[in-house]
Amino acid sequence: MITAKDFTKKFDSKTAVDCLNISIEQGKIYGLVGTNGSGKSTFLRTVSGVYYADGGNVFVDDEPVYENVTAKHKVFFVSDDMYFLPNGSMDDMSRMYKGLYPTWSQEKYEKLSGRFPIDKTARVKTFSKGMRRQAAIILALSCQPKYLLLDEAFDGLDPVIRVAVRKLIAEEVLERDMTVIISSHNLRELEDFCDTVGILHQGKLIMQHTMDALSDRFCKVQVAFAKDSGVDAEKFENDKILSVKKSGSVYTIACAMGCDEAEKFMSNYNPIFVDYIPLTLEEVFVYEMEAIGYDTNNIIF
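Count along the sequence shown from 1, add 107, and you get the number used in our numbering.
Okay, structure coming up:
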């Protein structure tokens with residue numbers, strides 16, 4: 108299990124992570140999303156032992172990870188700015204990681220290298236961004252880490268390779284009970300892949316739910332009322348209503364309530380038409396940001 112207890116990280120006068128408390132269960136795929144500069148990469152780098160905590164701590168299996176070789180052997184971090192040896196090939200990198208990770212599997216490395224359209228003897232600096240991402244993931248999985256950290260994991264991969272990588276990661280989770288933390292702005296991709304999602308903003312965890320719980324907590328209602336009903340959904344007084352938009356005679360209402368609860372609420376107004384749709388993760392993210400006063404027009408997904 109990965110846990111952070113009152114974890115704080117500062118860079119000069121800027122607080123990147125502010126008293127973060129989070130727990131990520133073993134064998135889960137955890138999606139970490141947030142606004143730009145929210146502390147996602149800082150958290151991942153601290154879990155991998157690159158950064159130390161200025162306050163509180165981050166633990167891997169109940170052990171502080173910074174300067175802890177045993178804990179670091181359990182973690183592999185694929186950063187957004189992937190590192191490779193200067194003029195090195197994948198084979199060169201494999202020899203390096205073989206010396207660093209006791210769990211290295213040469214058999215898995217050869218097998219995975221054969222499944223991707225990539226030359227493991229070529230210099231990595233000649234690779235495209237997508238090819239470098241493939242190389243990093245092959246090397247990561249060959250190390251057989253207990254914890255795999257991915258920063259913008261699928262950035263630069265074409266659709267076919269994306270599917271292949273997701274399948275490989277899912278297999279590792281099922282077969283070895285590997286835990287995965289993925290930081291990404293591609294919320295649609297995380298929605299289909301993760302068990303649990305946490306939202307960071309200004310270094311704080313503002314929401315954490317399983318994907319199933321999101322469906323139970325949020326929904327979108329499309330509803331129409333009779334012209335003589337006198338009902339104006341824009342004037343509904345309910346703090347669980349996140350937004351109301353009207354197009355013609357149809358209202359679209361985003362709610363911080365599940366479909367069953369929304370149906371019970373709407374039944375009080377005798378609608379002539381109503382439909383209940385679970386919110387996407389992207390919509391939940393936008394509404395959560397709006398709720399804390401963030402300018403969602405500046406968010407890049």
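Just so it is clear, CB atoms sit at the ideal spot from N, CA and C, and this is done for glycine as well.
### Task
Throw me the rounded Cβ distance for the Val185 and Ile244 pair, which I believe falls under 8 Å.
Ile244 and Val185 do touch by the CB rule: their CB atoms are close to 6 Å apart, below 8 Å.
**Item:** Proximity of Pro266 and Phe332 at Cβ, strictly below 8 Å
**Value:** No; because the gap between Cβ atoms is not below 8 Å, this pair is not in contact.
Checklist entry - Which value, in whole angstroms, describes the spacing of the CA atoms of Glu279 and Asp258? => result Put simply, the backbone Cα of Glu279 is about 18 Å away from that of Asp258.
Among residues of its own chain, excluding the 5 on either side of Thr317, which ones have a beta-carbon nearer than 7 Å to its beta-carbon?
Result list for Thr317: Asp302 and Thr303, in chain order.
Worksheet item: Should the region 237-252 be regarded as contacting the region 215-227, the criterion being three or more beta carbon pairs within less than 8 Å?
Response: The count of Cβ pairs closer than 8 Å, one atom from the region 237-252 and one from the region 215-227, reaches three, so the stretches are in contact.
message = With a threshold of 8 Å between beta-carbons, can His316 be considered close to chain C, or not?
response = The structure shown contains no chain C; it is built from a single protein chain.
| query | Taking the C-alpha atoms as reference points, what is the distance between Tyr190 and Val182? | reply | A direct Cα-Cα distance of roughly 16 Å separates Tyr190 from Val182.
Checklist entry - By Cβ distance, which residues of its chain are closer than 8 Å to Pro209, with the 5 residues on each side in sequence left out? => result Excluding positions up to five away in sequence, the list reads His180.
Looking at Glu389: is its Cβ nearer than 8 Å to the Cβ of Arg273? No, Cβ-Cβ distance for Glu389 and Arg273 is not below 8 Å.
**OP:** Hey, could you find the ends of the alpha helix (DSSP H) Ile225 is sitting in?
**Re:** Segment: none, Ile225 is in no alpha helix (DSSP H) and carries neither H nor E.
- Out of Tyr173, Gly305 and Arg324, which has the shortest C-alpha to C-alpha gap to Lys147? Here the closest residue by C-alpha is Gly305.
In the DSSP assignment, the alpha helix (DSSP H) including Gln133 goes from what residue to what residue?
Note, Gln133: premise wrong, no alpha helix (DSSP H); not H, not E.
Check your understanding: Is it true that the CB of Gln329 sits closer than 8 Å to the CB of Ser145?
Key -> It is not a contact, given that the beta carbons lie outside the stated cut-off.
DSSP three-state call for Ser291: helix, strand or coil?
Ser291 carries a coil assignment under DSSP once its states are collapsed to helix, strand and coil.
Does the beta-carbon of Tyr159 have 16 or more other beta-carbons within 10 angstroms, so that it is buried, or is it exposed?
With fewer than 16 Cβ atoms within 10 Å of its Cβ, Tyr159 is classed as exposed.
message = For Val357, report the span of its alpha helix (DSSP H) as first-last.
response = Counted as a single uninterrupted DSSP element, the stretch harbouring Val357 is not any alpha helix (DSSP H) but the beta strand (DSSP E) occupying residues Val357 to Cys362.
query = Roughly how many whole angstroms lie between the Cα atoms of Val391 and Tyr376?
reply = Rounded to the nearest angstrom, the two C-alpha atoms are 25 Å apart.
Contact belief for Ser196 with Lys227 at Cβ below 8 Å, rounded distance in angstroms:
Taking a contact as a CB-CB distance under 8 Å, the pair Ser196 and Lys227 counts as one, their CB atoms being some 6 Å apart.
Next on the checklist: Within a Cβ cutoff of 6 Å, which residues of the same chain sit near Lys311, ignoring the five residues on either side of it in sequence?
Outcome noted: Sequence-distant partners of Lys311 (beyond 5 residues in either direction) whose C-beta falls short of 6 Å from its own C-beta, in its chain, are Asp125.
- Beta-carbon spacing of Phe300, Ile136 below 8 Å: Yes. Within cutoff.
Could you give the DSSP three-state label for Asn375: helix, strand or coil? When DSSP states are grouped into helix, strand and coil, Asn375 belongs to the helix group.
**Prompt:** Whole-angstrom Cβ separation of Ile109 and Tyr204, contact assumed at under 8 Å?
**Reply:** Actually they do not touch by this definition, with Cβ atoms about 21 Å apart.
| On the three-pair Cβ rule with 8 Å, is the region 353-360 touching the region 275-290? | Between the region 353-360 and the region 275-290 there are fewer than three C-beta pairs closer than 8 Å, too few to call the two in contact.
Less than 8 Å separating the beta-carbons of Cys362 and Ile384?
Not in contact: Cys362 and Ile384 (Cβ atoms no closer than 8 Å).
Legend entry - Ser120, buried or exposed, once every other Cβ within 10 Å from all chains shown has been counted against 16: Ser120 sits exposed, since fewer than 16 C-beta atoms from the chains shown fall within 10 Å of its C-beta.
Could you tell me the alpha carbon to alpha carbon distance between Val393 and Gly337, rounded to whole angstroms? Rounded to the nearest angstrom, the two C-alpha atoms are 31 Å apart.
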